[in-house]
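First the structure, in the form of structure tokens, and then the observations on it.
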Amino acid sequence: MPDSIPIVVIDDHQLFREGVISLLSKQSRFQVVGEAAQAGDGLRCIETAQPAVVLLDISLPGISGIEFCQQILNQFPHIRVVILTMHKSEEFLKEAFRAGASAYVLKNSAVNELVNAIDTVFSGQKYISSGMTGAVLDTYLDVHRPGVEKGQVLTPKEKEIVRLIAQGWENQGIADSLHISLATVKTHRANIMRKLGLHKNVDLVKYALVNKLIDLDL
18 MPDSIPIVVI
28 DDHQLFREGV
38 ISLLSKQSRF
48 QVVGEAAQAG
58 DGLRCIETAQ
68 PAVVLLDISL
78 PGISGIEFCQ
88 QILNQFPHIR
98 VVILTMHKSE
108 EFLKEAFRAG
118 ASAYVLKNSA
128 VNELVNAIDT
138 VFSGQKYISS
148 GMTGAVLDTY
158 LDVHRPGVEK
168 GQVLTPKEKE
178 IVRLIAQGWE
188 NQGIADSLHI
198 SLATVKTHRA
208 NIMRKLGLHK
218 NVDLVKYALV
228 NKLIDLDL
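When the letters of the sequence shown are read in order and numbered with this note's numbering, they come out as residues 18 to 235.
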């Protein structure tokens, strides 16, 4: 075991990033070896610093943190990714673990929770914020059950329909906008829900946010 756990922090909010780094620096077993505010700089930082753990914001400029998590693990499969987020959402939690994240930590958690998360993932285990405990069991089972495969992606037309649904469009409006029949829209909706394993429009909105099909203005 190394003398300290090397960590990279990737978050586009400078004050939050600096605060996390300051807190981690008080822990003798942690060493922050790099930081970045965006994905491109983050990848270069990881390649140079070779961290064991990456603390990753769920929302980055131009890319979802969940999508970026997949990119990181494709290139550096040994790294443990801790997702940091304000979203107390089952769907975001599912997407994070499907992407390969090792932990999902709420940004309003106590300092000792982040410390515990880092220690836990470094030991090869998963960690979920205590604030998410009500969703943990159902989400864990859902992520690992047979069913919708990760490779079962949406077509461009389906993505456009998801975007419109998430923006509040009704079926007839979608049909008129895309110059297709109402029946075709309903068929697309059914196929989308089946592919994604979803049942409610609110879950579809969360999917659209996670995958950057609509903007998240926070």
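Cβ atoms here follow ideal geometry from the backbone N, Cα and C, with glycine treated the same way.
Residue i versus the options, residue with shortest Cα-Cα distance
i, options, result
"residue 61", "38, 89, 118 and 120", "89"
"residue 229", "58, 52, 85 and 37", "85"
"residue 66", "98, 142, 91 and 23", "23"
"residue 105", "190, 202 and 126", "126"
"residue 214", "44, 111 and 117", "111"
"residue 44", "21, 63 and 32", "21"
"residue 218", "185, 192, 78 and 201", "185"
Cβ distance (whole Å) where residue i is taken to contact residue j below 8 Å
i, j, result
"residue 113", "residue 100", "5 Å"
"residue 138", "residue 70", "6 Å"
"residue 148", "residue 131", "Incorrect: roughly 12 Å between the Cβ atoms, too far for contact."
"residue 174", "residue 196", "Rounded, the Cβ-Cβ distance is 11 Å, inconsistent with contact."
"residue 108", "residue 223", "4 Å"
"residue 208", "residue 199", "Residue 208 to residue 199, Cβ: 15 Å. No contact."
"residue 93", "residue 63", "6 Å"
"residue 117", "residue 142", "14 Å between Cβ atoms; not a contact."
Where residue i falls: helix, strand or coil (DSSP)
i, result
"residue 187", "coil"
"residue 48", "strand"
"residue 77", "strand"
"residue 123", "strand"
"residue 53", "strand"
"residue 128", "helix"
"residue 202", "helix"
"residue 145", "strand"
"residue 209", "helix"
"residue 227", "helix"
Cβ-based neighbour list, residue i, same chain, cut-off 7 Å, excluding 5 preceding and 5 following
i, result
"residue 26", "34, 37, 38, 49, 52 and 72"
"residue 225", "179, 180, 183 and 231"
"residue 146", "121, 122, 123, 126 and 130"
"residue 41", "24, 47 and 49"
"residue 83", "75, 112, 113, 116 and 227"
Same chain, Cβ closer than 6 Å to residue i, five either side skipped, listed in chain order
i, result
"residue 102", "75"
"residue 80", "56"
"residue 59", "27 and 53"
Close beta carbons around residue i, own chain, < 8 Å, minus the five adjacent residues each side
i, result
"residue 210", "216 and 221"
"residue 190", "181"
Q | Uninterrupted alpha helix (DSSP H) stretches inside the region 62-118 (no shorter than 4 residues) | A | 82-92 and 107-115
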